[in-house]
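For the sequence shown, this note's numbering gives the first residue as 673, with consecutive numbering after it.
No residue lacks a Cβ here, since even glycine has one placed at the ideal position from N, Cα and C.
Here the structure is a predicted model, which is why all the values come from computation and not from measurement.
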Amino acid sequence: MTKNINHIVKSVELEDRENNYISEWGIKHELNLPVDETNRTEFRRQRDRILYTGGFRRLQDKTQVIAATKNGDHRTRLTHTLEVEQISISIADALSLNRDLVSAIALGHDIGHTPFGHAAERFLNDKLFKNGGFSHAVQSVRYLSSKKIELSPLVCEGILKHDTDVYAGNYNIEQYDCSRYNPENPGSLESQVVYWADKLAYLTHDFEDFYHTNIYENAKKRYSSLEYDLKSVLSSLITEGKKSEQIKENISNFKTRDLIRNVLYNLVKASINNINNLEMCDYESNQDTIIKETKKRIKKKENELGITSVENKIAEIEKKIKNSIDEKDIKVLNNLINERKKEIKRIKKNAFQFGLIINFEEEYNNFYSKLRDILNQYYIGSPEVERSDAKAIKIVKSLYEEFTRNPKILPLNIQEKINDKNIKRIVADYIASMTDRYAEEIFLNLNSIGSYYQY
């Protein structure tokens, strides 16, 4: 018998209903909306505020890894974002966490990303190294804050912590003061869900974009062990016996849906076990427990990876610098310190990944990392992607140098924000807001290649 709808479900009632499905370890809806006029939860309203920004729309023309393919069947920053949201909601539902919060975090996580993928981000970070650096995670929070959008600190914190840059120290308040979001701490379980959803979306679509293009065929001809290595790691990630054996026999038996299904299953299963172990802890609140226990897990992993040894080496080198008067020696020693600091950042990033409560079983995490390494070597490091990155850097470098040298060519609304101290940051903001096509058009125009372009 069909049940009649006898009233309109308002926001507070909807939040109350959703709270019944959220576990004690998830972020509950607060049920104190100032205006109960919509049929959405507050986090869903915040997600929609992100959805309707110009920055979100511009993601449709921002490169994910490689620029547009001939048939247009490629990932963009927008399709990646939508995949991250879908995976985030699936994980949140499986773990009885707040699906609306992960949805808002996921839609906003890359909204401050540069055009042309990570190549442009790395360039801006190098250029702004002495002025606060450039992290797309921080930029996403900076952009949303500049739009005066009302967002919960939990949403901004999740966006900030979807990436390891901030925790590893690639962050300075000169880009944006994120201190209210406690960047030194890991985030809520919902925040951790989006961290992994981002990783898994990258993994699966990088594999698809690699395996179904000439990049894979070219690499296979040059590297005889590639197919064997892929079969080995894929059969380890897909734990269903029959399918695992079929992949070992022939890699053409592999299906992407099998990978994502198995990876998600292991992540959810291991995360449930980790969450259940939190019952043994005794802190002031469940959220306090999550943060402190996650920090303990991360610190334990940092120690296992040898962070103390590297820190001691830095201290020894610093003593040598104090006792040295030779400028050449000091320069060499400073270079050594910089290398050791990079090593510490690598350790902190790996420890963050392995230390989160939302996580794989440890052996499975190793298989995940192995597949990621293969894709980094043969796909991200392929001539095709390297050429795409080289083009990106050439364009962004040209724009950055032209704009900082002659800010009068910038649009008037951008010029109005500039003072003697912030020109590099404002130029970086402007470049980060561009789509690939917009950046290319301005580059062509400034180099007398294209026609006049209205910007």
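CB contact flag (residue i, residue j, <8 Å)
i       : j       : result
Asp1101 : Ala791  : no
Ser775  : Ile763  : no
Val1099 : Phe1115 : no
Tyr1072 : Ile1095 : no
Ile962  : Leu826  : no
Thr786  : Leu796  : yes
Val810  : Tyr867  : no
Gly784  : Ser817  : no
Asp881  : His834  : no
Asp772  : Thr753  : no
Leu1008 : Ser996  : no
Glu983  : Ile944  : no
Lys985  : Arg1012 : yes
Ala891  : Tyr1110 : no
Residue burial classification, residue i (beta-carbon count within 10 angstroms, cutoff 16)
i       : result
Pro1055 : exposed
Ser908  : buried
Gln718  : buried
His808  : buried
Pro1083 : exposed
Val681  : exposed
Thr618  : As displayed, the chain neither begins before 673 nor continues past 1127, which places residue 618 out of reach and without an answer.
Lys742  : Note that Lys742 has pLDDT 47, beneath the 50 cutoff, so the model's placement of it is unreliable and the number below is only indicative. It counts as exposed.
Asn938  : buried
Ile677  : exposed
Gly978  : exposed
Arg929  : exposed
Ala987  : exposed
Tyr955  : exposed
Glu1112 : buried
Lys971  : exposed
Arg814  : buried
Cys625  : Here the chain covers residues 673 to 1127 and nothing more, so residue 625 does not appear.
Gly727  : buried
Ile845  : exposed
His701  : buried
His884  : exposed
Ser1120 : exposed
Asn770  : buried
Arg721  : buried
Arg801  : The sequence given here has Phe at residue 801, not Arg. It is exposed - the Cβ of Phe801 has fewer than 16 other Cβ atoms within 10 Å.
Ile1067 : buried
Arg969  : buried
Arg852  : exposed
Ser896  : exposed
Range of the contiguous alpha helix (DSSP H) that encloses residue i
i       : result
Ile1114 : 1108-1118
Asp688  : 683-691
Arg852  : Run containing Arg852: none; DSSP gives neither H nor E here.
His790  : 790-799
Gln811  : 808-818
Lys991  : 979-995
Tyr937  : 928-949
Thr753  : 749-766
Arg729  : 726-730
Asn976  : A small fix is needed here, since residue 976 is Glu in this sequence, not Asn. First-last of the alpha helix (DSSP H) with Glu976: 958-976.
Asn1085 : 1084-1087
Gln736  : Neither: Gln736 is in no alpha helix (DSSP H) and is coded neither H nor E.
Lys1080 : Per DSSP, Lys1080 belongs to no alpha helix (DSSP H) and is neither H nor E.
Arg712  : Element bounds for Arg712: n/a, residue is neither H nor E.
Asp1101 : 1095-1105
Ile777  : 771-780
Cβ separation of residue i and residue j, assumed to be a contact under 8 Å, to the nearest whole Å
i       : j       : result
Tyr839  : Lys1020 : 6 Å
Gly789  : Thr735  : 5 Å
Ser768  : Ser695  : 4 Å
Leu731  : Arg749  : 4 Å
Ile947  : Leu872  : Between Leu872 and Ile947 the Cβ distance is about 19 Å, and since that is not below 8 Å, they are no contact.
Phe1024 : Asn1037 : Wrong, their Cβ atoms sit about 12 Å apart, outside the cutoff.
Ile1046 : Leu902  : 6 Å
Ile1030 : Gln758  : The Cβ separation is near 17 Å, so there is no contact.
Asp998  : Asp733  : About 52 Å; that fails the 8 Å criterion.
Glu829  : Gly859  : 5 Å
Ala942  : Phe1039 : Actually they are not in contact, since the Cβ atoms of Ala942 and Phe1039 sit about 13 Å apart, beyond 8 Å.
Glu685  : Thr713  : Contact doesn't hold; Cβ gap of about 10 Å is too wide.
Lys927  : Asn857  : About 39 Å separates the two Cβ atoms, so there is no contact after all.
Residue i: CB within 7 Å of a non-hydrogen atom of the ligand PLP
i      : result
Glu976 : Looking at this structure, you won't find the ligand PLP or any other ligand, since it has none at all.
Which runs of the alpha helix (DSSP H) fall wholly inside the segment 889-913 and span at least 4 residues, in chain order? 898-909
Give, in chain order, every unbroken run of the alpha helix (DSSP H) that is at least 4 residues long and sits entirely within the segment 822-887. 825-832, 837-840, 861-883
Scan the segment 1012-1052 and note each continuous alpha helix (DSSP H) run of 4 residues or more that stays entirely inside, going in chain order. 1034-1047
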